[in-house]
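Undergrad: First, the structure itself, so that you have it in front of you.
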Amino acid sequence: MTAISLASPEHLTPERTNLLAEVAERNDATHGDDLLGLILSGSAGRGLATDRSDLDVYVVLTDDATAGRRTTKTAAVDEIPLSLSELAEIPPFGTDYWWYRWSFAWAPVVLDRTGGMLDDLALRQATVSPEEARSILVTHDRLDGWVNYAYRALKSDRDGRVRERRLDAAESLPWLLDTVFSLGGRVRPYHKYLPWELEQHPLPGWTADGLLSLVERTLDGDPAAIRETFERVLDHRREFDRSQPEPVLVPIVDGWGSELALFDS
């Protein structure tokens with residue numbers, strides 16, 4: 027059998043490189059031309075593997091070849107069969123498969139028999155179009171929801187309710203991260219990868235240290251962090267609206283009226 031040439035990441039250990047080659051050769055023997063490519067996700071794909079990490083490999087197949095195949099898991103490898111048409115389908119925010127989209131972010135395509143389609147399709151899964159961002163921020167209320175929890179935290183702080191302040195501040199963070207990543211045109215990463223992504227692939231207008239510091243301080247219920255974050259998000263909100271036919275985010279925040287005085291330091 028002729029060895030398959032793979033574009034394995036340089037950070038992959040020799041043992042994992044050999045294991046990935048075995049996956050490729052086994053699937054090539056089983057599927058032949060119906061094997062369209064391999065995408066290496068998970069910690070191993072991003073250079074964050076530990077001794078306990080396995081390989082998370084998307085096996086991209088033709089639609090016919092995918093029929094009947096299921097994900098297989100061992101201590102060393104998870105093989106996830108995926109048809110090309112499934113990879114091309116973009117699950118909307120709020121659906122069951124939305125959370126799988128980030129698994130393609132910064133995940134190297136190690137085998138591509140489609141002439142370069144897999145890189146483009148993986149990138150599309152991990153990015154948020156302006157139309158999607160508008161849906162996430164407006165239709166799904168992620169911006170308004172974040173303002174709501176931030177406001178509640180500040181109200182509890184004003185009234186001396188320390189525990190309630192911290193709870194609402196912590197509750198605000200998923201809404202905040204959906205907001206800032208959508209404004210940046212990207213799917214929010216899994217928490218495990220948040221520091222790595224911000225450090226290796228900074229969001230436009232944010233530094234990794236700056237955003238992570240605000241997140242950590244917000245977890246502690248720090249009112250100053252909530253107010254500083256609010257001002258930063260307002261700037262990004264205005265920038266987003268300049269790309270729209272008419273403002274869509276400015277009215278959401280402005281609709282809070284006099285209640286916004288609580289965000290003044």
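Residue numbers (this note's numbering): 27 to 291. Positions of the beta carbon are idealized from the N, C-alpha and C atoms, including for glycine.
1) Out of curiosity, what's the CA-to-CA distance linking S109 and S239?
2) Are at least three pairs of beta-carbons, each pair with one atom in the stretch 268–283 and one in the stretch 183–201, less than 8 Å apart?
3) Should the stretch 129–136 be regarded as contacting the stretch 65–83, the criterion being three or more beta carbon pairs within less than 8 Å?
4) Just confirm the distance between the C-beta atoms of L180 and I252, as a whole number of angstroms; I'd bet it's less than 8 Å.
5) Would you decide whether R264 is buried or exposed? Buried here means 16 or more other CB atoms lie within 10 Å of its CB.
6) Rounded to whole angstroms, how far is the Cβ of G247 from the Cβ of P230, which I believe are closer than 8 Å?
7) Please state whether the Cβ-Cβ distance between A152 and R214 is less than 8 Å.
8) Beta-carbon separation of L32 and R184 under 8 Å?
9) When you compare the CB positions of I106 and Y123, do they come within less than 8 Å of one another, or not?
10) According to DSSP, simplified to helix, strand and coil, what is I278?
11) Could you give the first and the last residue of the continuous beta strand (DSSP E) run that contains Y84?
12) Just how far apart, CA to CA, sit I116 and A176?
13) Under a three-way DSSP split, which group does L46 fall into?
14) Which word fits N44, buried or exposed, when buried means at least 16 other C-beta atoms lie within 10 angstroms of its C-beta?
15) Report the option in W222, T97, H262 whose CA atom is closest to the CA atom of D82.
TA: The answer reads as follows:
1) 40 Å
2) no
3) Flag = yes, the stretch 129–136 and the stretch 65–83 touch.
4) 6 Å
5) Exposed: under 16 other Cβ atoms inside 10 Å.
6) Taking a contact as a CB-CB distance under 8 Å, the pair G247 and P230 does not count as one, their CB atoms being some 28 Å apart.
7) Cβ atoms of A152 and R214: not closer than 8 Å.
8) no
9) no
10) helix
11) Counted as a single uninterrupted DSSP element, the beta strand (DSSP E) harbouring Y84 occupies residues 81–87.
12) 31 Å
13) Of the three classes helix, strand and coil, the one that applies to L46 here is helix, per DSSP.
14) exposed
15) T97
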